[in-house]
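Report on the following structure.
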Amino acid sequence: MLLRTLGRTGLRVSEIGFGAWGIGGTWWGGTDDDEGLRALVRAQELGVNFFDTAYVYGDGHSERLIARAFAQTGRRGMVATKVPPKNHQWPAKPVPAEKAFPADWIIACTERSLKNLGADCIDLQQLHVWHDDWTEASGWREAVRTLKADGKIRYFGVSINDYEPENCLKLIRTGWVDAVQVIYNLFEQAPAEQLFPACQEHRVGLIIRVPLDEGSLTGALRPDTVFQQGDFRADYFRGDRLREVCERVKAFDFLIHDEITSLPQAALKFCLSHPAVSTVIPGMRKARHAEANARVSDGRLLAPEELARLKPLAWRRNFYE
Ligand SMILES: NC(=O)c1ccc[n+]([C@@H]2O[C@H](COP(=O)([O-])OP(=O)(O)OC[C@H]3O[C@@H](n4cnc5c(N)ncnc54)[C@H](OP(=O)(O)O)[C@@H]3O)[C@@H](O)[C@H]2O)c1
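Residue 223 is where the sequence shown starts when you use our numbering, and the numbers rise one by one after that.
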């Protein structure tokens with residue numbers, strides 16, 4: 223497993239990180255904790271040292287499973303978790319910052335996550351949504367300053383609204399944010415236009431979420447796939463969306479050759495091929511997925527001709543709506 227530096231934090235994070243939404247259970251139609259634990263442990267064994275979670279992933283369940291995995295392996299990885307917005311609004315709307323992230327809320331949520339993680343300090347605490355109108359607000363700044371000074375968090379980040387990669391550029395320029403998290407994948411290539419250069423210029427760490435487009439870029443979905451009861455993807459891929467996605471995915475077949483033998487491998491390599499990227503965090507609930515994904519970090523990236531061929535295959539849409 224190769225390591226990259228998470229922006230100015232200097233943290234050396236694994237190229238493949240662990241996306242821990244799925245193991246939290248909520249939204250994914252329930253989960254098997256034993257299998258989730260095996261996935262976490264296997265990932266650690268294979269060199270994954272960065273785990274992205276959030277309080278809302280099962281009301282702390284995902285955070286607690288990560289703590290159990292660390293106890294089992296006897297090794298702590300680096301954890302990035304998230305403070306939910308107090309107004310429960312996803313994605314963030316331009317309401318006053320105090321409605322979403324008052325200082326006392328950020329501090330209380332951090333204490334709760336510390337307990338779930340069985341930790342004294344969180345490596346990266348993120349706000350689970352962000353709106354650039356909040357950049358100058360004092361509440362969240364006061365909380366970040368206090369939490370850092372008290373040694374409760376090492377670094378501070380935000381998770382950018384779905385398909386609004388520019389909606390954090392103001393914040394990046396202030397120097398207040400150490401890392402940002404964004405959707406970037408074979409379909410969603412827009413973050414490379416302005417966000418990635420801004421992160422490079424200001425040495426802000428870049429965490430890539432949803433690299434497999436919630437499963438469409440795994441090659442495992444078919445136009446007639448029926449999702450488990452409670453799996454949000456029944457809605458995400460509703461109507462004609464699944465058929466269209468499966469059709470468009472075929473255009474990526476040319477990436478599969480030589481040592482790249484599967485679509486998820488190609489999709490993760492696409493993300494790693496941009497030098498601004500610090501870590502890619504595919505969601506995984508199964509040990510076999512942790513194994514396949516960890517192996518992607520082998521130093522071989524997509525060729526410049528392949529990247530050029532991928533540009534016109536970008537597809538902007540928002541299936542979360
Ligand atoms: N607003 C936010 O801040 C936000 C929003 C979304 C996601 N995230 C973070 O980003 C992470 C990644 O996003 P995501 O989990 O939503 O979507 P994703 O990574 O695009 O896709 C996850 C899906 O891909 C499957 N998968 C993973 N590796 C595979 C492989 N090698 N072969 C076949 N299938 C594979 C998973 O299966 P199994 O689960 O069955 O293993 C799961 O169904 C999340 O876990 C979370 O940490 C943050």
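Here a beta-carbon is modelled for each residue, glycine too, at the ideal position from N, C-alpha and C. All values derive from a computational prediction rather than experimental measurement.
Subject >> Residues near A488 in its chain [Cβ-Cβ closer than 7 Å; skip 5 each side] >> reply: Cβ within range, chain order: F474, L477, I478, I482.
Original post:
Roughly how many angstroms lie between the CA atoms of Q266 and E285, to the nearest whole one?
Top reply: 15 Å
Original post:
Which residues in the same chain have their Cβ closer than 7 Å to the Cβ of P316, if we skip the five residues on either side of it in sequence?
Top reply: H353, D355
**OP:** Tell me G241's beta-bridge partners as DSSP assigns them.
**Re:** D274, G505
Subject >> Burial state of D400 (16 or more Cβ within 10 Å) >> reply: buried
Original post:
Ordered along the chain, which non-local residues of its own chain (more than five positions away) have a Cβ less than 6 Å from that of D446?
Top reply: none
Original post:
Taking Cβ positions only, does D274 come closer than 8 Å to chain D?
Top reply: The structure shown has no chain D; it contains just one protein chain.
Subject >> CB of K472 within 8 Å of CB of L523, strictly >> reply: no
Subject >> Separation of L346 from G340, as counted between CA atoms >> reply: 15 Å
Subject >> Contact the stretch 248 to 257 vs the stretch 529 to 538: 3+ CB pairs below 8 Å >> reply: no
Subject >> the stretch 225 to 242 in contact with the stretch 507 to 519 per 3-pair CB rule at 8 Å >> reply: yes
**OP:** Report the residue from V270, V448, R290 whose alpha carbon sits nearest the alpha carbon of D256.
**Re:** R290
**OP:** Taking 8 Å as the cut-off, decide whether the C-beta atoms of A319 and K308 are in contact.
**Re:** Taking the C-beta atoms as reference points, K308 is found no nearer than 8 Å to A319.
Original post:
Between which two residues does the beta strand (DSSP E) carrying Q422 extend?
Top reply: Premise fails: Q422 lies in the alpha helix (DSSP H), 417 to 424, not in any beta strand (DSSP E).
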